[in-house]
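**Student:** The structure's right below; bear with me while I get my questions together.
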Amino acid sequence: MGPDAVQVKDVSFSYDRTAILQDITFTLKQGDFLGIIGPNGGGKTTLLKLMLGILAPDKGEIIVLGKAPHDAKHRIGYVPQYTDFNLRFPVSAIDIVLMGRLRRSLIGRPYSRNDRIKAEEALDRVGMGVFRQAHIGELSGGQRQRVFIARALASEPEIFFLDEPTAGIDPYFETDLFSFLKELNKDATIVVVTHDIGVISSNVKSVACVNHTMIFHEQGKITREMIDMAYQCPVDLVAHGVPHRVFPDHREQ
Amino acid sequence: MWDALQFDFIRNALLAGILVSISCGIVGSLVVVNRIVFISGGIAHAAYGGIGLAFFTGISPTLGAGLFSIAVSMIMAAVSFKNRHRADTFIGVIWAVGMALGIILIDMTPGYNVDLISYLFGSILAVPESDIFFMVPLDIIIVLSVVILYKELLAMSYDEEFAFIAGIPVRLLYFSLLGMTALCVVMVIRVVGLILVIALLTIPPYIAEKYTGSLGKMMALACLLGILFTVSGLWLSFNYNLTSGATIVMVAAVAFFISQAFEMIKKRYKA
Numbered sequence: 138m139g140p141d142a143v144q145v146k147d148v149s150f151s152y153d154r155t156a157i158l159q160d161i162t163f164t165l166k167q168g169d170f171l172g173i174i175g176p177n178g179g180g181k182t183t184l185l186k187l188m189l190g191i192l193a194p195d196k197g198e199i200i201v202l203g204k205a206p207h208d209a210k211h212r213i214g215y216v217p218q219y220t221d222f223n224l225r226f227p228v229s230a231i232d233i234v235l236m237g238r239l240r241r242s243l244i245g246r247p248y249s250r251n252d253r254i255k256a257e258e259a260l261d262r263v264g265m266g267v268f269r270q271a272h273i274g275e276l277s278g279g280q281r282q283r284v285f286i287a288r289a290l291a292s293e294p295e296i297f298f299l300d301e302p303t304a305g306i307d308p309y310f311e312t313d314l315f316s317f318l319k320e321l322n323k324d325a326t327i328v329v330v331t332h333d334i335g336v337i338s339s340n341v342k343s344v345a346c347v348n349h350t351m352i353f354h355e356q357g358k359i360t361r362e363m364i365d366m367a368y369q370c371p372v373d374l375v376a377h378g379v380p381h382r383v384f385p386d387h388r389e390q
Numbered sequence: 661m662w663d664a665l666q667f668d669f670i671r672n673a674l675l676a677g678i679l680v681s682i683s684c685g686i687v688g689s690l691v692v693v694n695r696i697v698f699i700s701g702g703i704a705h706a707a708y709g710g711i712g713l714a715f716f717t718g719i720s721p722t723l724g725a726g727l728f729s730i731a732v733s734m735i736m737a738a739v740s741f742k743n744r745h746r747a748d749t750f751i752g753v754i755w756a757v758g759m760a761l762g763i764i765l766i767d768m769t770p771g772y773n774v775d776l777i778s779y780l781f782g783s784i785l786a787v788p789e790s791d792i793f794f795m796v797p798l799d800i801i802i803v804l805s806v807v808i809l810y811k812e813l814l815a816m817s818y819d820e821e822f823a824f825i826a827g828i829p830v831r832l833l834y835f836s837l838l839g840m841t842a843l844c845v846v847m848v849i850r851v852v853g854l855i856l857v858i859a860l861l862t863i864p865p866y867i868a869e870k871y872t873g874s875l876g877k878m879m880a881l882a883c884l885l886g887i888l889f890t891v892s893g894l895w896l897s898f899n900y901n902l903t904s905g906a907t908i909v910m911v912a913a914v915a916f917f918i919s920q921a922f923e924m925i926k927k928r929y930k931a
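What follows is the structure, encoded as structure tokens:
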């Protein structure tokens, strides 16, 4: 099976002298499906950016597919957190998906025929083929998110990192997305950050809860400890099989 | 208008206006989509420090302004690369210091009193042919580099983090973008003034962005709009005896407000 998908050893990270993450250690095997939960501002996105190599840890080590994140970048697919990001930007769905092919094409050369074919296939796979020429601002939130997933798909990665892929999108999309991710999980490792515990529990293989420190559970069980950590106050876990929302929705930075 | 064309200075002014519009339309589109309008304003104004330095040391103003604003643009790139939205104070400081430095250096230059206004609004009607020869290669360099690096520039402008993960040298690209902005600003500052540079750098791309579906088309439309504004502004200034640079800015501004109003009406009808 080769090296572990992600190895994080004693990683700490602070921003402007505020400690965001402290002593995070875990190992994610290839083929795993990890759900990362935690309160807003708890460091979920930071942890993801560390694994992607966008940020560098102050302390500790991160190894992705046996290499430094910087050297494994080309084997990673990333679906960032978008709310209403840059909607005016003059770019079409297919232009965005083509960006997923960048690493496989040469700098200073136009995209190849093969790049275009792969990009169109990726758009078809997420059911957005008919919208290929649509301006990104005309699409709904769920459609836009599909385009960003197609962009990650087009890069043919071994690990997918998704940051809050369902934030602000209707619940149907959420169900669809997770069954789609399960399908992808057949040949790729998946790491998804979300603050929605409900959808996590029934879909992922392992769970981690991040709030400055981290609790990792390989069997994908959400423990009482995690819930307390995620919501910073005791929550009735058994209630109706779905924990309540303790905090009203608010955006992460 | 046709009568006017028999004058060399009008022909030169028209040519200069067209060449400036092309480089400003292309670089300006990148400036607008990357949201670095404030940074490019800072580079343009700080360039005045380079003009002062040139007069003080006796080198050519274009060379002085060129070297100085490229240096300033690299400093601004270093400051703003990591934290684009928090760097504005620092940029404001460089903006002001550059201009102040320019004015003081000119004060200290014996026997020389350069008119600041001519650098603010330029003197497009006094463009010598030598400047035109200077602007043609600049336009070619800008067009070529944008054509060659189009997909990388697009990816960086749209989503810098994704571009970084895709292996695009975003830092190098960002520094080159600001360097290109500095070049564009400097080459045209003497011709049309730094106010007109900023107007041409921002207004045509801003309007073009609303009516186009891709960055390339946005650049093309911005160039055409820029040409339209400079040519009609020149015509008005010639016929009504107005300052040409200021008239061109006003034409562009009128178009800007019309397109804003248009959009508001369109939105109201849709709702």
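Sequences listed follow chains X and H, in order. Here the numbering used here is used: the first residue of the first sequence is 138, the next is one more, and so on. Here the numbering used here is used: the first residue of the second sequence is 661, the next is one more, and so on. All residues carry an ideal CB built from backbone N, CA and C; glycine is no exception.
How close, in whole Å, do the beta carbons of Pro-618 (chain H) and Phe-728 (chain H) come, if the pair is a contact with beta carbons under 8 Å?
**Tutor:** Residue numbering for chain H in the displayed model covers 661 to 931; residue 618 (chain H) lies beyond these limits and cannot be assessed.
**Student:** Is the beta carbon of Met-351 (chain X) sitting closer than 8 Å to the one on Phe-150 (chain X)?
**Tutor:** Along the first sequence, read from residue 1 onward, the residue named residue 351 (chain X) stands at position 214. Along the first sequence, read from residue 1 onward, the residue named residue 150 (chain X) stands at position 13. Not closer than 8 Å, so no.
**Student:** Cα separation between Leu-314 (chain X) and Ala-304 (chain X)?
**Tutor:** As a working mapping, residue 314 (chain X) is identified with position 177 in the first sequence. As a working mapping, residue 304 (chain X) is identified with position 167 in the first sequence. Straight-line Cα distance between these residues: approximately 12 Å.
**Student:** With a cut-off of 8 Å, do at least 3 Cβ pairs link the stretch 196-209 of chain X to the stretch 240-252 of chain X?
**Tutor:** No, because fewer than three Cβ pairs between the stretch 196-209 of chain X and the stretch 240-252 of chain X fall closer than 8 Å, the two stretches do not touch.
**Student:** For Met-265 (chain X), which of X:Ala-142, X:Asn-251, X:Ala-193, X:Arg-283 has the nearest alpha-carbon?
**Tutor:** Translated into the one-based positions of the first sequence, residue 265 (chain X) becomes position 128. Nearest to Met-265 (chain X) by alpha-carbon distance, out of X:Ala-142, X:Asn-251, X:Ala-193, X:Arg-283, is X:Arg-283.
**Student:** How many angstroms separate the CA atom of Val-330 (chain X) from the CA atom of Ile-174 (chain X)?
**Tutor:** In the first sequence, the residue the question calls residue 330 (chain X) occupies position 193. In the first sequence, the residue the question calls residue 174 (chain X) occupies position 37. The straight-line gap from Cα to Cα measures roughly 6 Å.
**Student:** Name, going along the chain, the residues of the stretch 802-818 of chain H whose beta-carbon falls closer than 9 Å to a beta-carbon of chain X.
**Tutor:** Ile-808, Leu-809, Tyr-810, Lys-811, Glu-812, Leu-814, Ala-815, Ser-817, Tyr-818
**Student:** Tell me the DSSP secondary structure of Val-911 (chain H) in three-state form.
**Tutor:** Position 251 of the second sequence holds residue 911 (chain H). Correct three-state label for Val-911 (chain H): helix.
**Student:** Can you name the start and end residues of the alpha helix (DSSP H) that Ile-855 (chain H) belongs to?
**Tutor:** Residue 855 (chain H) sits at position 195 when you count from the first residue of the second sequence. Taken as a continuous stretch (DSSP letters only), the alpha helix (DSSP H) holding Ile-855 (chain H) covers 854-871.
**Student:** Using a Cβ-Cβ cutoff of 8 Å, what residues of the stretch 232-244 of chain X are near chain H? List them in chain order.
**Tutor:** Asp-232, Ile-233, Leu-235, Met-236, Gly-237, Leu-239, Arg-240, Ser-242, Ile-244
**Student:** Between the stretch 853-861 of chain H and the stretch 804-818 of chain H, do at least 3 Cβ pairs fall closer than 8 Å?
**Tutor:** no
**Student:** Below 8 Å on the Cβ atoms is my guess for Gly-180 (chain X) versus His-349 (chain X); work out the distance and round it to an integer in Å.
**Tutor:** In the first sequence, counting from the first residue as 1, residue 180 (chain X) sits at position 43. In the first sequence, counting from the first residue as 1, residue 349 (chain X) sits at position 212. Indeed, because the Cβ distance is near 6 Å, the residues count as touching under 8 Å.
**Student:** Can you give me, in chain order, the residues of the stretch 681-702 of chain H that have a beta carbon less than 8 Å from any beta carbon in chain X?
**Tutor:** Val-693
**Student:** Which value, in whole angstroms, describes the spacing of the CA atoms of Val-347 (chain X) and Val-216 (chain X)?
**Tutor:** Residue mapping note: residue 347 (chain X) aligns to position 210 of the first sequence, counting from 1. Residue mapping note: residue 216 (chain X) aligns to position 79 of the first sequence, counting from 1. If you take the alpha carbons of Val-347 (chain X) and Val-216 (chain X), they lie about 19 Å apart.
**Student:** If you compare alpha carbons, which of H:Val-796, H:Leu-885, H:Leu-675, H:Leu-875 is closest to Leu-648 (chain H)?
**Tutor:** Here chain H comprises residues numbered 661 to 931, so residue 648 (chain H) is not present and cannot be evaluated.
**Student:** I'd like the list of long-range same chain contacts for Leu-158 (chain X), defined as Cβ closer than 7 Å, with 5 residues on each side in sequence excluded.
**Tutor:** Sequence index remark: in the first sequence, residue 158 (chain X) carries index 21 (1-based). The answer, listed in chain order, is Val-148, Ser-149, Phe-150, Gly-180, Thr-183, Leu-184, His-349.
**Student:** When the Cβ atoms of the stretch 686-701 of chain H are set against those of the stretch 832-847 of chain H, are three or more pairs found closer than 8 Å?
**Tutor:** yes
**Student:** With a Cβ-Cβ cutoff of 8 Å, do Gly-688 (chain H) and Thr-890 (chain H) count as a contact?
**Tutor:** Locating residue 688 (chain H) in the second sequence gives position 28, where the first residue counts as 1. Locating residue 890 (chain H) in the second sequence gives position 230, where the first residue counts as 1. Taking 8 Å as the Cβ cut-off, Gly-688 (chain H) and Thr-890 (chain H) do not qualify as a contacting pair.
**Student:** In chain X, what lies closer than 8 Å to Met-924 (chain H) by C-beta?
**Tutor:** Position 264 of the second sequence holds residue 924 (chain H). Under the 8 Å cutoff, chain X gives no residues; its nearest Cβ is about 15 Å from Met-924 (chain H).
**Student:** Kindly indicate the opening and closing residues of the alpha helix (DSSP H) around Val-201 (chain X).
**Tutor:** If you number the first sequence from 1, residue 201 (chain X) lands on position 64. Where Val-201 (chain X) is concerned, there is no enclosing alpha helix (DSSP H), although the beta strand (DSSP E) it sits in stretches over 196-201.
**Student:** On the three-state DSSP scale, how would you describe Met-847 (chain H)?
**Tutor:** Translated into the one-based positions of the second sequence, residue 847 (chain H) becomes position 187. Correct three-state label for Met-847 (chain H): helix.
**Student:** Would you say Gly-616 (chain H) faces chain X, with C-beta separation under 8 Å as the test?
**Tutor:** Look at the range of chain H in this structure, 661 to 931, and you will see that residue 616 (chain H) is not part of it.
**Student:** So with CB distances below 8 Å, who are the chain H contacts of Leu-184 (chain X)?
**Tutor:** Residue mapping note: residue 184 (chain X) aligns to position 47 of the first sequence, counting from 1. When 8 Å is used as the limit between beta carbons, Leu-184 (chain X) is near no residue of chain H, the shortest such separation being about 15 Å.
**Student:** Along the stretch 757-789 of chain H, where does the CB come closer than 9 Å to a CB of chain X? Name the residues.
**Tutor:** none
**Student:** Taking the C-alpha atoms as reference points, what is the distance between Asp-799 (chain H) and Ser-805 (chain H)?
**Tutor:** Your numbering for residue 799 (chain H) matches position 139 in the second sequence. Your numbering for residue 805 (chain H) matches position 145 in the second sequence. Roughly 10 Å between the two C-alpha positions.
**Student:** Determine the direct distance from the alpha carbon of Gly-702 (chain H) to that of Phe-781 (chain H), and round the result to whole angstroms.
**Tutor:** Within the second sequence, numbered from 1, the residue matching residue 781 (chain H) stands at position 121. Within the second sequence, numbered from 1, the residue matching residue 702 (chain H) stands at position 42. Their backbone Cα atoms lie some 16 Å apart in a straight line.
**Student:** Please confirm if Lys-255 (chain X) has its CB atom under 8 Å from at least one CB of chain H.
**Tutor:** The residue given as residue 255 (chain X) occupies position 118 in the first sequence. Closer than 8 Å: no.
**Student:** Looking only at its own chain, which residues have a Cβ that is under 6 Å from the Cβ of Ala-291 (chain X), when we skip the five neighbours before and after it?
**Tutor:** Translated into positions along the first sequence, residue 291 (chain X) becomes position 154. Closer than 6 Å at Cβ, skipping near neighbours: Val-234, Gly-237, Arg-238, Lys-255, Ala-256, Ala-259.
**Student:** Using the beta-carbon of each residue, which ones in chain H are nearer than 7 Å to Phe-226 (chain X)?
**Tutor:** Start at 1 with the first residue of the first sequence, and residue 226 (chain X) comes out as number 89. In chain order, Val-693, Tyr-818 make up the part of chain H whose C-beta sits under 7 Å from the C-beta of Phe-226 (chain X).
**Student:** Quick one: give me the first and last residue of the alpha helix (DSSP H) that Asp-160 (chain X) is part of.
**Tutor:** The sequence position of residue 160 (chain X) within the first sequence is 23, counting from 1. First-last for Asp-160 (chain X): 155-165, but that is the beta strand (DSSP E), not the alpha helix (DSSP H).
**Student:** Mind checking the stretch 195-220 of chain X against chain H and listing, in chain order, the residues whose C-beta falls within less than 8 Å of any C-beta there?
**Tutor:** Correct list: Lys-210, His-211, Ile-213, Tyr-215, Pro-217.
**Student:** Who are Cys-883 (chain H)'s beta bridge partners in DSSP?
**Tutor:** Counting from 1 along the second sequence, the entry for residue 883 (chain H) is found at position 223. Bridge partners of Cys-883 (chain H): none, in fact.
**Student:** Using a 10 Å radius around the Cβ and a threshold of 16 neighbouring Cβ atoms, would you call Thr-749 (chain H) buried or exposed?
**Tutor:** Here residue 749 (chain H) is taken as the residue at index 89 of the second sequence, counted from 1. Exposed: under 16 other Cβ atoms inside 10 Å.
**Student:** For Thr-903 (chain H), which beta-bridge partners are listed by DSSP?
**Tutor:** By one-based count along the second sequence, residue 903 (chain H) stands at place 243. Thr-903 (chain H) pairs with nothing; no bridge assigned.
**Student:** Taking Cβ-Cβ distances shorter than 8 Å, what residues in chain X pair up with Phe-822 (chain H)?
**Tutor:** Walking along the second sequence from the start, residue 822 (chain H) turns up at place 162. Those within 8 Å of Phe-822 (chain H) in chain X are Tyr-215, Pro-217, Met-236, Arg-288.
**Student:** Assign Asp-300 (chain X) to buried or exposed, taking buried as 16 or more other Cβ atoms, counted over all protein chains shown, within 10 Å of its Cβ.
**Tutor:** Here residue 300 (chain X) refers to the residue found at position 163 of the first sequence. So Asp-300 (chain X) counts as buried.
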